[in-house]
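Participant:
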Amino acid sequence: MWRRRSSGGASAETREAPEARETQQTPAEPQSDLTIDALGRKCPIPIIMLAEQINVVPLGGVVAVHADDPAAFTDIPAWCRLKSHGHVATYDLPRGGWSIHVRRNY
């Protein structure tokens, strides 16, 4: 059965104010066991730094790689698949670049 909306959309009670949408925050970056600062370095340097340091964290631990090279944004998750480690998530850094979180699986 078809019904016509009387007010042309959602009621005033269910509409969200524009200022409320603008102030919603993205989820906070979770804690990591190790942070690698590769800002300003071009690929493959961030991956090499990650490969050298991933065994420092315990099994199941998380390494956060801070990088601003666009290649690292795609290459680090690809390295995780290649090496059977987990790509947890990628977060935007406030000063530019990304924090790419990797879980050590072995």
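Mapped onto the numbering used here, the consecutive letters of the sequence shown carry residue numbers 127 to 232. Even glycine gets a Cβ: it sits at the ideal position worked out from N, Cα and C.
1. Short of 7 Å in beta carbon distance, which residues of its chain neighbour Ala215, apart from the five on each side in sequence? Order them along the chain.
2. If contacts are defined as beta-carbon pairs under 8 Å, then Asp201 and Ile173 qualify, I think. What distance do you get, rounded to the angstrom?
3. Whole angstroms are fine: how far does the CA of Leu219 sit from the CA of Glu155?
4. From what residue to what residue does the alpha helix (DSSP H) around Ile226 run?
5. May I ask which residues mark the beginning and end of the beta strand (DSSP E) holding Ala198?
Facilitator: By the coordinates alone:
1. Here residue 215 refers to the residue found at position 89 when the sequence shown is read from its first residue. Only His227 meet the Cβ criterion.
2. Residue mapping note: residue 201 aligns to position 75 of the sequence shown, counting from 1. Residue mapping note: residue 173 aligns to position 47 of the sequence shown, counting from 1. Confirmed, Cβ separation roughly 6 Å.
3. Here the question's residue 155 lines up with position 29 in the sequence shown. Here the question's residue 219 lines up with position 93 in the sequence shown. Using only the alpha carbons, I get a separation of about 9 Å.
4. Here residue 226 refers to the residue found at position 100 of the sequence shown. Run containing Ile226: none in the alpha helix (DSSP H); it sits in the beta strand (DSSP E), Trp224 to Arg229.
5. In the sequence shown, the residue the question calls residue 198 occupies position 72. Taken as a continuous stretch (DSSP letters only), Ala198 belongs to no beta strand (DSSP E), being part of the alpha helix (DSSP H) at Pro196 to Lys209.
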